[in-house]
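What follows is one structure encoded as structure tokens, with my remarks underneath.
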DNA sequence: TGAACTATCCGAAGCGCTTCGGATAAAACG
DNA sequence: CGTTTTATCCGAAGCGCTTCGGATAGTTCA
């Protein structure tokens, strides 16, 4: 069933049918209803390719995902997607997922853009100095970055205040008297991790606490990585009395190692983790309940959907700069420094 | 840059350019090279919509994902996607993710089909008697089910032997002398969960062990759910001496509760979990290392990609029936029944 | 009452690609 | 040497939609 047939069946021109279905105002109410009813009854759906070809709009936004192993973002990816997808659903748009090899994102972006498959892109996991920005800016395709680069004034972005939130977390530990604090951060290079480290360092510096570089570590957001780091920390000559972790999965690994060493969390060792609010990793279900810095990655996805729609409508990308709130929520995993 | 311009620049007809680029054999090697070179140099990419309109093929396969909260499949979803995506990448095809409200999948399928956005669909999480099968069979669109329904002869599918593998796991526990065995299964209704329960029951029945219905439970694949079930089990008058769990996340919850009750896993309580090989949930990194039934959901995704391509090529769907291997891997979480 | 609007509708071109059915010239054949 | 083949190439139609620029008839206005 295509528009031509529908039109002849109705005794109307294709033009009128098209305009009726698309809500133009030069068609009478009566005919519009007649057309809409017939379309529904006959199950008519415009051919997406034809419409795209004619309008130049795709009704699709694109994002890449690493088809090869992708430990880092996996647990967060689907949460983000769920939020983004919810918003796209409301707007009757689709998500195109382009699988890519790590670091080959631009290839996929170019393909999606050149083949006019998408109306906009969502760029994930930016580095501080991400080469994608320049490349995309040269390409005349709206895009928004989840996170931000050092040249955030040159692209649309939505982020959380990674630096601020880790600074707050570290300060909290300092307030409790801790002086030897370890950082179990995400992988080096990614903007969020660099910002978090900066927050961590700033908090220590502003209190005049000497930073032990052995206590500043990076790893994947996995429990394995958390265990490695915790082992490294706790076997040191002067183990830290508190740890700030970049993800719940890392925190789980840390908890396990601490427990196996007979340490009581919240007394012998304090722990704060960042919680992206992944539904199946609940800090309250941990023992003890974790003190976390929390910001819902799903909500971020939803909001990014909103913004990307505005970008498609022509909003100036450089005006799109949003910081999602992140809060420090106290649990039982932090306590005063043991004497 | 479009094909017309490219053709005139080369002094060729559009036809020849098209045929050269698409590898037809009625164009000389010399011209083909000339065309390919020019296309590369000028960054020409065929407009996807136009090609789709002309060929009727979309170069896209579609799948739905629940935009609302979706605890059950979240952790497995991106793994599956990664496998599927890897295969699609090789074939230069894209994935269209249609966000849907739970249970509204058919709406999305119809939209994707009617608008000719996709060449095939991947159906996830089937129920035993899934209404999508009949609906899709009426729709003349190739699709493959990840899992299978009770009428598996009416659709293409790829699955693991859920029944067999849970039967094996249960038998193993019986061999170790356990008689009170609990099942922490996934949500009722889903085919995989029903099959697993069937395997569990069959193993017990074939040894003449009376089944205590209080020990047959269902829940989401989360650690919270695992904790609830474990609490329920271990507070009972006659707690089970062994548990079979449907996912690693559930197992984590169970471990935690057992530990908090002072039970030593592998001695006081045996535990087997199903492991979909999600990269950030590694049974070896657990303490103790878990005995698991293992089958990589990522590989399943990859294989499904392969099969869906064959379906698009016209392979008879009823000949597509594959069982992925699943193995029982012994760890330290299972041991002889305590006397 | 004739001119100027207004409300509705339509013809036809065009989006960028593929492909059917030739056309042309060179090569092979008897 | 005339006729088939073969190797290359091309014109034009068509995929299903949108939209520009009218066309028609009914209304309104001076």
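Chains as they are written, first to last, in the numbering used here: chain X, 102 to 440; chain P, 102 to 440. Where a beta carbon is used, it is the ideal one built from N, C-alpha and C, also for glycine.
Proximal residues to residue i (C-beta, below 8 Å), its chain only, five neighbours per side dropped
i: residue 138 of chain P; result: none
i: residue 265 of chain P; result: 300, 427
i: residue 114 of chain P; result: 108
Simplified DSSP state of residue i, which is helix, strand or coil
i: residue 363 of chain P; result: coil
i: residue 217 of chain X; result: coil
i: residue 428 of chain P; result: strand
i: residue 222 of chain P; result: strand
i: residue 443 of chain P; result: There is simply no residue 443 of chain P to check, as chain P begins at 102 and stops at 440 in what is shown.
i: residue 450 of chain X; result: Shown here, chain X extends from 102 to 440; a query on residue 450 of chain X therefore has no answer.
i: residue 326 of chain P; result: helix
Option nearest residue i by Cα separation, candidates the options
i: residue 376 of chain P; options: P:392, P:361, P:366, P:148; result: P:392
i: residue 144 of chain P; options: X:340, X:216, X:404, X:160; result: X:216
i: residue 199 of chain P; options: X:161, X:345, X:232, X:203; result: X:161
i: residue 310 of chain X; options: X:355, X:280, X:324; result: X:280
i: residue 399 of chain P; options: P:185, P:163, P:132; result: P:185
i: residue 231 of chain P; options: P:107, P:204, P:259, P:152; result: P:204
i: residue 332 of chain X; options: X:362, X:275, X:303; result: X:362
i: residue 324 of chain P; options: X:408, X:316, X:353; result: X:353
i: residue 370 of chain X; options: X:209, X:134, X:341, X:247; result: X:341
i: residue 422 of chain X; options: X:250, X:268, X:107; result: X:250
i: residue 442 of chain X; options: X:296, X:133, X:140; result: No information on residue 442 of chain X is available, as it lies outside the stretch 102 to 440 that chain X covers here.
i: residue 329 of chain X; options: X:295, X:286, X:165; result: X:286
i: residue 404 of chain X; options: X:188, X:127, X:436; result: X:188
i: residue 277 of chain P; options: P:130, P:438, P:334; result: P:438
i: residue 123 of chain P; options: P:142, P:152, P:112; result: P:152
i: residue 154 of chain P; options: X:149, X:156, X:158, X:196; result: X:149
Beta-carbon contacts of residue i that lie in its chain and below 7 Å, excluding the five residues immediately before and after
i: residue 270 of chain X; result: 345, 373, 394, 429
i: residue 262 of chain P; result: 424, 427
i: residue 171 of chain X; result: Legend: pLDDT at residue 171 of chain X = 49, less than 50; position of this residue unreliable, value from coordinates given subsequently. Taken in chain order, the list of residues that qualify is empty.
i: residue 418 of chain P; result: 243, 256, 257, 412
i: residue 366 of chain X; result: 356, 359, 372, 389, 434
i: residue 183 of chain P; result: 399, 402
i: residue 327 of chain P; result: 285, 346, 350, 351, 352, 353, 354, 355
i: residue 119 of chain X; result: 104
i: residue 236 of chain X; result: 207
i: residue 339 of chain P; result: 281
i: residue 337 of chain X; result: 315
Span of the beta strand (DSSP E) around residue i
i: residue 371 of chain P; result: 371-376
i: residue 394 of chain X; result: 392-395
i: residue 201 of chain P; result: 195-201
Sequence-distant residues of its chain with Cβ nearer than 6 Å to residue i (five each side left out)
i: residue 214 of chain X; result: 240, 242
i: residue 317 of chain P; result: 284
i: residue 180 of chain P; result: 379, 398, 399
i: residue 320 of chain P; result: 326, 330
Residue range of the unbroken alpha helix (DSSP H) whose run includes residue i
i: residue 204 of chain X; result: Careful: residue 204 of chain X lies outside any alpha helix (DSSP H) and carries neither H nor E.
i: residue 401 of chain P; result: 398-413
i: residue 113 of chain P; result: No alpha helix (DSSP H) holds residue 113 of chain P; DSSP gives it neither H nor E.
Of all the alpha helix (DSSP H) runs that stay within the bounds of the region 236-323 of chain P, which reach a length of 4 or more residues?
List check, alpha helix (DSSP H) in window: 263-276, 292-307.
Curious, which full-length alpha helix (DSSP H) runs of at least 4 residues does the region 119-192 of chain X contain?
Within the region 119-192 of chain X, the alpha helix (DSSP H) runs of at least 4 residues that lie entirely inside it are, in chain order, 130-142, 149-156, 175-191.
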